[in-house]
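Its first residue numbered 470, the sequence shown is counted upward by one per residue in my numbering. This report concerns only the one structure given below.
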Amino acid sequence: MNDRVFDLWSTFSALRNDGHVLLDQIRGSLSEMRKLHGRLRMQQYVLAVPDGPSGLNPQAILQSQYGLTEREAQVARLLAEGRSNSVIAENLRISPHTARHHTQRVLSKLGVHSRSAAGARIRV
470 MNDRVFDLWS
480 TFSALRNDGH
490 VLLDQIRGSL
500 SEMRKLHGRL
510 RMQQYVLAVP
520 DGPSGLNPQA
530 ILQSQYGLTE
540 REAQVARLLA
550 EGRSNSVIAE
560 NLRISPHTAR
570 HHTQRVLSKL
580 GVHSRSAAGA
590 RIRV
């Protein structure tokens, strides 16, 4: 009897662990789908909003290409100009802490580790 109970308990435990793994995979897939949906919306926006010599809005291109928010795209453009976090904070009327946070997110989304690399990636 004890062997049977142990077997059942082991089976339920394995099923529970499998269920947790499956839920984590579903959550990851949903998150990825949301990101892709946002990028698709931004690409549609880029095509609909002409602005500048190339006929496209440069900020919208940044948003679409790298998955940046509107504010992050603003920060990215200021980074590309070589601005410091304090100057970014002044220009965008946000706190220096918020500017630092946005800068870190931009660097992460661009896949670079320095401000100069971010500027080089954006200008290319």
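Positions of the beta carbon are idealized from the N, C-alpha and C atoms, including for glycine. It should be emphasised that the depicted structure is a prediction, and the values quoted were computed from it without experimental measurement.
Less than 8 Å separates the beta-carbon of GLY536 from that of LYS578. Here the alpha carbon of ASN471 sits roughly 43 Å from the alpha carbon of SER500.
If you check the CB distance, LEU576 and ALA568 do not come in under 8 Å. Straight through space, the alpha carbons of ALA549 and ILE591 are spaced by roughly 7 Å.
In the three-state reduction of the DSSP assignment, VAL556 falls in the helix class, which pools H, G and I. Non-local C-beta neighbours of GLN528 in its own chain, meaning closer than 6 Å and more than five positions away in sequence, comprise ALA542, ordered along the chain. Annotation for VAL581: no alpha helix (DSSP H) segment contains it, and DSSP assigns it neither H nor E. DSSP, read as helix, strand or coil, puts MET470 in coil.
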